[in-house]
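Numbering (this note's numbering), first residue to last: 378 to 562.
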């Protein structure tokens, strides 16, 4: 499975094209699909000369300027990607030599969600019996901060983020089907 598109609060994000869509578009001669494919290729060619260019990532074929490269801080849905990074059963495997993280998940869908969250800026890297650890981009300072999501006193999953520069603690609580975000200053 690949993470290509998503919808958050009724707004669609992403314009990736799957390999199946590319082959179908070429064989059918679909002009709209050709424009989408060619548009993505020209954008990737522009990026191709950039030193920041990354290799393609299996399970992640998502492009949207409103979200990528930290632009998500201007959009009101950081919690969507944060929840993709912490609400799963995937197990991270860190390569000691390169530091790259791969995920063992129960399904390809689950792995794609965790990979997508990491590519956007919520990098899950460690799991213990009661805690998940991840790095996320602090929208205020622009620095990567470490965050822990733990089961505390049988109250469900909570996330605590401590910003050293800004005395703020955020707790993210999942209670059944309801989500509540609490900020304490």
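Just so it is clear, CB atoms sit at the ideal spot from N, CA and C, and this is done for glycine as well. These numbers come from a predicted model, not from an experiment.
One thing to note: residue 444 has its Cβ no nearer than 8 Å to the Cβ of residue 397.
Where residue 485 is concerned, there is no enclosing beta strand (DSSP E), although the alpha helix (DSSP H) around it starts and stops at 485-497.
Taking 8 Å as the cut-off, the Cβ atoms of residue 487 and residue 467 count as close. With distances taken between CA atoms, residue 436 lies nearest to 491 out of 388, 491, 509 and 513.
Shown here, residue 396 sits in a helix according to DSSP, grouped into three states.
No residue range can be given for residue 467, since it is assigned to no alpha helix (DSSP H) and is classified by DSSP as neither H nor E. C-alpha of residue 464 to C-alpha of residue 523: approximately 17 Å in a straight line. Between residue 484 and residue 470, the C-beta spacing is not below 8 Å. The bridge partners DSSP lists for residue 511 are 501 and 524. Counting along the chain, no beta strand (DSSP E) covers residue 473, and no H or E run does either.
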